[in-house]
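In what follows, a structure is listed as structure tokens, so that the remarks can point back to it.
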Amino acid sequence: MKITLKVWRQKNTNTEGKLVDYQLDNVSEDMSFLEMFDVLNDSLTRKGEDPVTFDHDCREGICGTCSMYINGRPHGPQTGATTCQLHMRSFNDGDTIVVEPWRARAFPVIKDLMVDRLAFDRIIQAGGYVSVNTGSAPDANEILIPRSIADEAMDAAACIGCGACVAACKNASAMLFVSAKVSQLAILPQGQAEHRERAERMVAQMDAEGFGACSFTGACSVECPKSISLDHIARMNREYLGAKLASDNVQG
Amino acid sequence: MAWVTQTLSSSLGRKVIMSLTGLFLCSFLIVHMAGNLQLFKGDGGRAFNEYTYFMTHNPLIMTVSYLLYTSILVHALMAFILTRHNQASRPVKYAYSKPEANSPWSSRNMGILGTILLLFIIIHMRTFWYEMHFGAVPMAEYDGKQYKDLYAVVKVAFGELWYVTLYVICMVAIGFHLAHGFQSGFQTIGVRHKKYTPVIEFVGKVFFAVLIPAAFAAMPIYVYLQVHHII
Chain A
1 MKITLKVWRQ KNTNTEGKLV DYQLDNVSED MSFLEMFDVL NDSLTRKGED
51 PVTFDHDCRE GICGTCSMYI NGRPHGPQTG ATTCQLHMRS FNDGDTIVVE
101 PWRARAFPVI KDLMVDRLAF DRIIQAGGYV SVNTGSAPDA NEILIPRSIA
151 DEAMDAAACI GCGACVAACK NASAMLFVSA KVSQLAILPQ GQAEHRERAE
201 RMVAQMDAEG FGACSFTGAC SVECPKSISL DHIARMNREY LGAKLASDNV
251 QG
Chain B
1 MAWVTQTLSS SLGRKVIMSL TGLFLCSFLI VHMAGNLQLF KGDGGRAFNE
51 YTYFMTHNPL IMTVSYLLYT SILVHALMAF ILTRHNQASR PVKYAYSKPE
101 ANSPWSSRNM GILGTILLLF IIIHMRTFWY EMHFGAVPMA EYDGKQYKDL
151 YAVVKVAFGE LWYVTLYVIC MVAIGFHLAH GFQSGFQTIG VRHKKYTPVI
201 EFVGKVFFAV LIPAAFAAMP IYVYLQVHHI I
């Protein structure tokens, strides 16, 4: 396959970037999208040029590290898949592919296609946890949880924090991510003790990071590699509003 | 009270204000449409004029009308604040984006649709509300009682083809606005459930997006056709 790439090149956070054209003549349709970038970087390195910086780690769709806004969509044209799970057979010979980093104020570009997603970590640190006693592990079935509840919590917990929801949203909103992290704990008994503080703190941190508000376009859920449902956003809204009305936190 | 201002100025709180004012405006549309169906009565405007007299003299209706004006202003102002905030959340735009692959057009253009509707409301209120309250409206007499003949104002306004066309276009805009807005409003306040969401979506897409705008659009068309003796 012959592919023309238009790749966003940006030296660092403080410089302006631009799209640069690259021509690849021997692309196998069995390559993953990231392997195609490996080939590009190999040729750039041999020519003594600066290779394209991009995030990647597990390359099997479970770590959430790879990003890339490919031909106008996060993780490319496939749904329910990350960039590392995208293969060149999804494109045609002679195609031009535009590749950009996630665009959001809260995700500044570090270099080329790599963005800083620490904002997500700070949101988790604000309340996306359950406080437990350390010591020996509790018995597996000590707390009985109905299968349907466990499944729903697992669907929320499938979020890999890749940021495709933010990238897809016209408002660069992190609602799907935050709601998945609120939901996975809010619907389990272990998450009840801290459920009010969790919703309040995580939403406050989300706002402090500079993410946008939710317009319910549904783009996030469509582009989510784990197809996380909008149900969780409605649940987070209930959790947040309930917490605001009922928590002891008078100072807000 | 810090928690109240903090809640209402959070991204979620602002959307809740949008939702509650928007859903209140939806409920107003039902009343407004039902009342204005008097235009179809074909009695020379008597039922319509008696209805407008009631609407401008009943204390409960007058109280609710101030809530309505406030809701329109708050809904528009909050939309402006949210839009500014949302645009600032993505300072560098994508060079190439394909949002039509993942979301409906109306959901991404609520601001544009809302701006059209705000301009429509200004024109609409200038033509009828302002004339009724401050203009020189001719009087009509039914059973010895004097009524402002707003129906005469309606006939003049809807006798103009450009004005009728403007109304029909704006009703299409309100259809698209509510196709997304009605169901989205429920989502924002956390009402999403296997049993109720399909009903809410159906009511939004059929009743608020099609039937109500169609009924409103039929009014200027009907009056135009009558004024020009086509029917």
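Chains A and B are the protein sequences, given in the same order.
The UniProt record's numbering numbers the first residue of the first sequence as 1 and each following residue consecutively.
The UniProt record's numbering numbers the first residue of the second sequence as 1 and each following residue consecutively.
By construction, the Cβ of each residue, glycine as well, lies at the ideal position given by its N, Cα and C atoms.
Since this is a predicted model, take the numbers as computed values, not measurements.
#1: For the region 221 to 244 of chain A, enumerate the residues whose C-beta is nearer than 9 angstroms to any C-beta of chain B, in chain order.
#2: Since H125 of chain B and H177 of chain B are thought to touch, with beta carbons under 8 angstroms apart, how far apart are those beta carbons, to the nearest angstrom?
#3: Considering Cα atoms alone, identify which of A:L34, A:P189, A:N237 and A:K111 is closest to R9 of chain A.
#4: Tell me, to the nearest whole angstrom, how far the beta carbon of A101 of chain B is from that of R201 of chain A; I am working on the premise that it is less than 8 angstroms.
#5: Going by the CB atoms, is the gap between V172 of chain B and A217 of chain B shorter than 9 angstroms?
#6: Name the chain A residues whose beta carbon is nearer than 9 angstroms to that of V16 of chain B?
#7: Tell me whether E49 of chain A sits in a helix, a strand or coil according to DSSP, three-state version.
#8: How big is the Cα-Cα spacing for T217 of chain A and P138 of chain A?
#9: Listed from N- to C-terminal order along the chain, which residues in the region 190 to 216 of chain A have their beta-carbon within a distance smaller than 8 angstroms of any beta-carbon of chain B?
#10: May I ask you to list the residues that DSSP assigns as paired with I180 of chain B?
#11: Taking only beta carbons into account, state which residues of the region 171 to 188 of chain A come closer than 9 angstroms to chain B, listed in chain order.
#12: Mind listing the chain A neighbours of R108 of chain B? Cutoff is C-beta to C-beta under 7 angstroms, in chain order.
#13: By the 8 angstroms beta-carbon criterion, what residues does the region 13 to 43 of chain A contribute toward chain B?
#14: On the three-state DSSP scale, how would you describe P59 of chain B?
#15: Going along the chain, which unbroken runs of the alpha helix (DSSP H) with 4 or more residues stay wholly within the region 96 to 132 of chain B?
#16: For a contact defined as C-beta to C-beta under 8 angstroms, what are the partners of N71 of chain A on chain B?
#17: Assuming Q125 of chain A is part of the alpha helix (DSSP H), what are its boundary residues?
#18: Check L24 of chain A in the structure and name its three-state DSSP category.
#19: If contact means a Cβ-Cβ distance below 7 angstroms, which residues of the region 162 to 178 of chain B contact chain A?
#20: So that I know if they touch, is there some Cβ in chain A lying closer than 9 angstroms to that of R46 of chain B?
#21: Can you give me the Cβ contacts of A28 of chain B inside the same chain, cut-off strictly under 6 angstroms, excluding the 5 residues immediately before and after it?
#22: Along the chain, where does the alpha helix (DSSP H) containing K205 of chain B start, and where does it finish?
#23: In its own chain, which residues sit with a C-beta less than 6 angstroms from the C-beta of S179 of chain A, not counting the 5 before and 5 after it?
#24: Would you mind reading off the limits of the beta strand (DSSP E) that contains L23 of chain B?
#25: How close, in whole Å, do the beta carbons of L150 of chain B and F182 of chain B come, if the pair is a contact with beta carbons under 8 angstroms?
#26: I need the DSSP call for P91 of chain B, collapsed to helix, strand or coil.
#27: Figure out for me which residue from A:K47, A:H75 and A:S43 has the closest Cα to the Cα of H56 of chain A.
#28: By the DSSP assignment, the beta strand (DSSP E) with L5 of chain A in it spans what residues?
#29: For the putative contact between Q38 of chain B and F48 of chain B, defined by C-beta atoms under 8 angstroms, what is the C-beta separation to the nearest angstrom?
#30: Under 8 angstroms: do the region 85 to 99 of chain B and the region 111 to 128 of chain A share three or more Cβ pairs, one atom per stretch?
#31: Do D21 of chain A and T4 of chain A have their CB atoms nearer than 9 angstroms?
#32: Judging by CA-CA distance, which residue of A:K2, A:C169, A:L176 and A:Q192 is the nearest neighbour of D95 of chain A?
#33: If we call anything under 9 angstroms between Cβ atoms a contact, is L12 of chain B one with T188 of chain B?
#34: With F120 of chain A and G161 of chain A assumed to form a contact (beta carbons below 8 angstroms), what rounded beta-carbon distance in angstroms separates them?
#35: Starting from L19 of chain A, follow its DSSP beta bridges and name the residues at the other end.
#36: For T7 of chain B and V203 of chain A, what's the separation of their Cα atoms in angstroms?
Inspection of the coordinates gives the following:
#1: S221, V222, E223, L230, D231, I233, A234, R235, M236, N237, R238, E239, Y240, L241, G242 and K244
#2: Position check: residue 125 of chain B holds Met in this sequence, whereas His was assumed. Actually they are not in contact, since the Cβ atoms of M125 of chain B and H177 of chain B sit about 18 angstroms apart, beyond 8 angstroms.
#3: A:K111
#4: Not quite, the Cβ-Cβ distance comes to about 34 angstroms (not below 8 angstroms), so this is no contact.
#5: yes
#6: N237 and L241
#7: coil
#8: 42 angstroms
#9: V203, A204, M206, D207, G210, F211, G212, A213, C214, S215 and F216
#10: It should be pointed out that residue 180 of chain B corresponds to His in this sequence rather than to Ile. BP columns for H180 of chain B are empty, so no partner.
#11: N171, A172, S173 and M175
#12: K170 and T217
#13: L19
#14: helix
#15: 105 to 108 and 110 to 124
#16: Y96 and K98
#17: L118 to G127
#18: strand
#19: none
#20: no
#21: Checking the sequence, you will find Phe at residue 28 of chain B rather than Ala. Here the set comprises L68.
#22: Note, K205 of chain B: premise wrong, no alpha helix (DSSP H); not H, not E.
#23: H232, I233 and M236
#24: Here L23 of chain B belongs to no beta strand (DSSP E); instead the alpha helix (DSSP H) covers S11 to N36.
#25: About 29 angstroms; that fails the 8 angstroms criterion.
#26: coil
#27: A:H75
#28: I3 to R9
#29: 4 angstroms
#30: no
#31: yes
#32: A:K2
#33: yes
#34: 5 angstroms
#35: A:W8
#36: 10 angstroms
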